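Numbering (the numbering used here), first residue to last: 1302 to 1662. Ideal Cβ placement from N, Cα and C applies to all residues, glycine included. No experiment lies behind these values; they were computed from the predicted model shown.
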């Protein structure tokens, strides 16, 4: 009996010792039983966990580490890690290290990656209303674009992403898109005829370039430089920071500042990961996304102004269109808005146009 009692005491002591040891942090792809129970009860309910539990956010983008998009992630990393007291760690990946935009979005939906920041173009497959941001010559300036995106109309689209296992945190700035090519200077719509222009896999972009007489060719961004180098495509379209920082001047001779589309980035988080965060950390991540948004837009605006001169220094011919020349491009592509209005949602398009008109007064 005494021997049995001694074994019981030893067993209890061992259990206390094990319980007192530090707990291993599970991988993000794994959800604890507590988290699963709460998530099953309500997809919206934040999980109550031990305040010592740590979380890892792997944030990946397709552009390089000099781009304003990556600078925004660095701002967010500093904010989130500081405000969480080290409970959140952010690891940043650039240059498609985790895959292209579509692959990373799918990884978020599966819960195998936590964060990415694609342009709005890939989002159109989930919600047609995102196509409104691809309509040509929609926003007269970036201030109005930001006001629409940050207002109720933009938030409505972010809120709807939960149906696709994503959380929309904020809109960051990609900027106005411009056309580059290696064949000739472009000053009029007819100059576009026959040019093979790389685009994203986006029906609005494809229709826009077809209306100009070009031959749009969708391909992943990671393949673009080589495709231009080998003559698979003649050109592409992107904001100035992307054109400069991806060294497109090495394979492109001409840039025309068409500003044909204002393109936002959409900062996304995996809903599976978000639902596993305690409420206080959800608040820190959301606030960090907005703090970084404001700083990223400032960086992007400053870069854009500075890097137009940089493109010329790299040897590119940079063409700035007159108001009359720009109007010719606008007139040539008006049909794109009419063509996609119903598909996007007439009411939503009208609401965006009305808001732009109100903000323009």
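By the Cβ neighbour-count rule, residue 1383 is exposed, with fewer than 16 other Cβ atoms within 10 Å of its own.
Under the 8 Å Cβ criterion, the segment 1444 to 1460 does not count as touching the segment 1551 to 1560, having fewer than three qualifying pairs. Where residue 1447 is concerned, the enclosing alpha helix (DSSP H) starts and stops at 1443 to 1451.
A contact is defined here as three or more CB-CB pairs under 8 Å, and the segment 1569 to 1583 fails this definition with respect to the segment 1512 to 1528. A distance below 7 Å between beta-carbons, with the five flanking residues on each side excluded, links residue 1528 to the following residues of its chain, in chain order: 1499, 1520 and 1534. Listed as beta-bridge partners of residue 1359 by DSSP are 1392. Taking a C-beta distance under 9 Å as the contact criterion, residue 1629 and residue 1441 do not qualify as a contact pair. For residue 1422, there is no enclosing alpha helix (DSSP H), as DSSP marks it with neither H nor E. Pairwise C-beta distances place the segment 1463 to 1476 in contact with the segment 1408 to 1428, as three or more of them are shorter than 8 Å. Annotated three-state conformation of residue 1437 is coil, per DSSP. Straight through space, the alpha carbons of residue 1550 and residue 1616 are spaced by roughly 7 Å. In this structure, DSSP gives residue 1608 a helical state, which the three-state scheme calls helix. Proximity of the segment 1454 to 1463 to the segment 1539 to 1546 falls short of the contact definition, fewer than three beta-carbon pairs being nearer than 8 Å. By the neighbour-count definition (other C-beta atoms within 10 Å, threshold 16), residue 1643 is an exposed residue.
Here residue 1556 carries a strand assignment [DSSP, helix/strand/coil].
Three or more beta-carbon pairs separated by less than 8 Å link the segment 1412 to 1431 to the segment 1562 to 1569, which places the two stretches in contact. DSSP, reduced to helix, strand and coil, places residue 1534 outside both helices and strands of the structure shown, so it counts as coil.
Residue 1594 and residue 1378 have their C-alpha atoms some 12 Å from each other.
Separation of residue 1487 and residue 1386 (C-alpha to C-alpha, rounded to the nearest whole angstrom) is 53 Å.
The secondary-structure analysis by DSSP pairs residue 1469 across a beta bridge with 1569.
Distance from the CA of residue 1388 to the CA of residue 1614, rounded to the nearest whole angstrom, comes to 45 Å. When beta bridges are read from the DSSP output, residue 1637 appears opposite no residue. In this structure, residue 1620 keeps its C-beta atom at 9 Å or more from the C-beta atom of residue 1561.
Rounded to the nearest whole angstrom, the CA to CA distance from residue 1578 to residue 1532 is 48 Å. Annotated three-state conformation of residue 1541 is helix, per DSSP. Look at residue 1487 here: in three-state DSSP terms it is coil, with no helix or strand label. Annotation: residue 1647 to residue 1432 spans about 12 Å, alpha carbon to alpha carbon. The alpha carbon of residue 1496 has as its nearest neighbour, out of 1537, 1478 and 1476, the alpha carbon of 1537. A distance below 9 Å separates the beta carbons of residue 1641 and residue 1505. The Cβ atoms of residue 1475 and residue 1540 sit closer than 9 Å to each other. Residue 1637 is positioned such that its CB atom lies no closer than 9 Å to that of residue 1364. Measuring C-alpha to C-alpha distances from residue 1396 to each of 1632, 1375, 1376 and 1368 identifies 1368 as the nearest.
Contact annotation: residue 1358 and residue 1370 have beta-carbon atoms that are not nearer than 9 Å. Ranked by Cα distance from residue 1596, the first of 1354, 1366, 1659 and 1373 is 1373. The alpha-carbon separation between residue 1462 and residue 1417 amounts to approximately 14 Å.
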